[in-house]
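Undergrad: The sequence shown begins at 1 in the UniProt record's numbering and counts up one residue at a time.
Cβ atoms here follow ideal geometry from the backbone N, Cα and C, with glycine treated the same way.
Starting off with a structure, shown below.
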Amino acid sequence: MKGYERYDEVLDAQQVLLSLIDLATQRGAHPDKLLKGTKLFHNDLSKKNLAKNSLTCSANTLLTVIENCSKLVQGNEISFLLGRRYFPSHLGLLGQALMNCRHLGDMLRLCQCFQLACFPLMNLQLKHFNNNSYLIFQSAVGKLSKNQQTFITEFMLSALLGAIKYRCGELPKLDIHLDYPEVQHIEQYHVHLNMKANINIQFDQKICMVTIASKQLYLPFNDSANSLKAVALQQISQLNPKPYPISFIQQLNSYLSQRLSNKGDLSQECCAQHFGYSSATLKRKLANHQLNYQGLIDAIRSQQAIFQLVICQHSNEKIADALYFNDVSNFRKAFKRWTGVTPNSMREQHCFN
1 MKGYERYDEV LDAQQVLLSL IDLATQRGAH PDKLLKGTKL FHNDLSKKNL AKNSLTCSAN
61 TLLTVIENCS KLVQGNEISF LLGRRYFPSH LGLLGQALMN CRHLGDMLRL CQCFQLACFP
121 LMNLQLKHFN NNSYLIFQSA VGKLSKNQQT FITEFMLSAL LGAIKYRCGE LPKLDIHLDY
181 PEVQHIEQYH VHLNMKANIN IQFDQKICMV TIASKQLYLP FNDSANSLKA VALQQISQLN
241 PKPYPISFIQ QLNSYLSQRL SNKGDLSQEC CAQHFGYSSA TLKRKLANHQ LNYQGLIDAI
301 RSQQAIFQLV ICQHSNEKIA DALYFNDVSN FRKAFKRWTG VTPNSMREQH CFN
């Protein structure tokens, strides 16, 4: 299955793009200025929306509007408000299926199957260690600007926590680790993410991750209806008979992670051959996502190293071997290049558990 790329029109514009434009317009931004750089005008979107049942846009269009919004709109609440609106009303049949999942674990599994709809522009990984579960998020469409990264993460957290609270009645204890410095609009995090309740947020953690006790994932929802979930998924399948797409970057990450774990050939030539491209074509496709091949491998290794070091508390030697380094010294140098600190310094400074 071919993965979608940054310029492919696969996102449901009604779910995020139009709602974002409406929220920004209500706060004084001109819709056409929000669309600057997309080659679209607001009237065009309205006409297209009336002409067909579904309106799609590319990730690049949505990212451009997010960037424009951050510059045109005073205040920093739109990302949170957009997330609060998202579940379940903006997800249609998928929202109905999610509402009737057996427990949070079932909901997260379904979100992974429908990542493009549930977490636009983000890739969700679920890992388990000891008694905790870890939801790790990465960009699914390549490099993001600081404004884009912050906005999308805030939107994703608002939607995710809103869904958990909606189904559980209250938020369980959550630890949230964000891979960017503390923001100036921290009050919005307190208001929209309930930081004073059971939510602990740490910034500048080099990884974007939500930690939850594993037992919380499998507490049953007494009001779920499996038959309604099955009907909703069947209707989705009839409306979208093709396999639900994941991004080209997600496919690359999955392939390279598997090769890394199996200590296989990580060369660009081998990777290009696997996907049926020449090395030059793969290089061009990565450049379209503002990435390069070595940077992609470094990002995968960095995330795995941080998780193994701080969560699993593995030794430098074990991590170096797992990540395909010839010796521990090379791993230490690479880790400091990725994170700005040595592995031992991170062990001393951060405690994720």
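1. Quick one: what's Cys101 bridged to in DSSP?
2. Which parts of the segment 211-241 are runs of the alpha helix (DSSP H), unbroken and 4 residues or longer, counting only runs that do not cross its ends?
3. Taking the beta strand (DSSP E) that Gln290 belongs to, which residues open and close that run?
4. Quick test of your reading: Leu18 and Leu45, contact by CB under 8 Å. State the CB separation rounded to the nearest angstrom.
5. In the DSSP assignment, find the beta strand (DSSP E) that holds Ile199 and state where it starts and stops.
6. Under 8 Å Cβ to Cβ from Tyr293, same chain only, skipping five residues before and after it: list those, please.
7. Less than 6 Å separating the Cβ of Ile164 from some heavy atom of the ligand HEM?
8. What residues in its chain sit with their C-beta under 7 Å from that of Ile338, if we drop five residues either side in the sequence?
9. Go ahead and pull the three-state DSSP assignment for Asn353.
10. State whether the segment 162-171 contacts the segment 250-257, with contact taken as three or more CB pairs (one from each stretch) at a distance under 8 Å.
11. Measure the C-alpha to C-alpha separation of Val183 and Phe203 and round it to an integer number of angstroms.
12. Please report the distance separating the alpha-carbon of Val328 from that of His314.
13. Drop a sphere of 10 angstroms on the beta-carbon of Tyr218, count the other beta-carbons inside from all chains shown, and report buried for 16 or more, exposed for fewer.
14. Which whole runs of the alpha helix (DSSP H) in the segment 68-130 are 4 residues long or more, in chain order?
15. DSSP on Phe137, reduced to helix/strand/coil?
16. Can you give the Cα-Cα distance for Gly276 and Cys57, rounded to whole angstroms?
TA: Looking at the atomic coordinates:
1. One-based indexing of the sequence shown puts residue 101 at position 101. Cys101 is not bridged to any residue.
2. Taking only runs of at least 4 residues, the alpha helix (DSSP H) segments lying wholly in the segment 211-241 are 214-217, 226-239.
3. As a first step, residue 290 must be located in the sequence shown, where it is residue number 290. For Gln290, there is no enclosing beta strand (DSSP E), as DSSP marks it with neither H nor E.
4. For the purposes of this step, residue 18 is taken as residue 18 along the sequence shown, with counting starting at 1. For the purposes of this step, residue 45 is taken as residue 45 along the sequence shown, with counting starting at 1. About 7 Å; that satisfies the 8 Å criterion.
5. Along the sequence shown, one-based indexing puts residue 199 at 199. From DSSP, the beta strand (DSSP E) with Ile199 extends over 199-202.
6. Position 293 of the sequence shown holds residue 293. So the qualifying residues of the chain are Gln268, Cys271, Leu282, Lys283, Leu286.
7. Judged by which ligands are present, the structure shown has none, so any question about the ligand HEM falls away.
8. Locating residue 338 in the sequence shown gives position 338, where the first residue counts as 1. Note on identity: in this sequence residue 338 is Trp, with Ile being the wrong assignment. Counting only Cβ-Cβ distances below 7 Å, and skipping sequence neighbours, we find Asp298, Ser302.
9. Residue mapping note: residue 353 aligns to position 353 of the sequence shown, counting from 1. Unreliable placement is indicated for Asn353, whose pLDDT of 45 sits below 50; the coordinate value is still reported in the next sentence. Of the three classes helix, strand and coil, the one that applies to Asn353 here is coil, per DSSP.
10. No, they do not touch.
11. Counted from its first residue, the sequence shown places residue 183 at position 183. Counted from its first residue, the sequence shown places residue 203 at position 203. Those two C-alpha atoms are separated by around 8 Å.
12. As a position in the sequence shown, residue 328 is number 328, starting the count at 1. As a position in the sequence shown, residue 314 is number 314, starting the count at 1. Each residue's Cα considered, the two are about 13 Å apart.
13. On the sequence shown, position 218 is the one that residue 218 refers to. Note on Tyr218: under 16 other CB atoms within 10 angstroms of its CB, so exposed under the neighbour-count rule.
14. The alpha helix (DSSP H) runs of length 4 or more contained entirely in the segment 68-130 are, from start to end of the chain, 78-86, 92-99, 104-113, 115-118.
15. Locating residue 137 in the sequence shown gives position 137, where the first residue counts as 1. DSSP places Phe137 in strand when its eight states are reduced to three.
16. As a first step, residue 276 is located in the sequence shown; it is residue number 276 there, counting from the start. As a first step, residue 57 is located in the sequence shown; it is residue number 57 there, counting from the start. Rounded to whole angstroms, Gly276 to Cys57 spans 26 Å at the Cα level.
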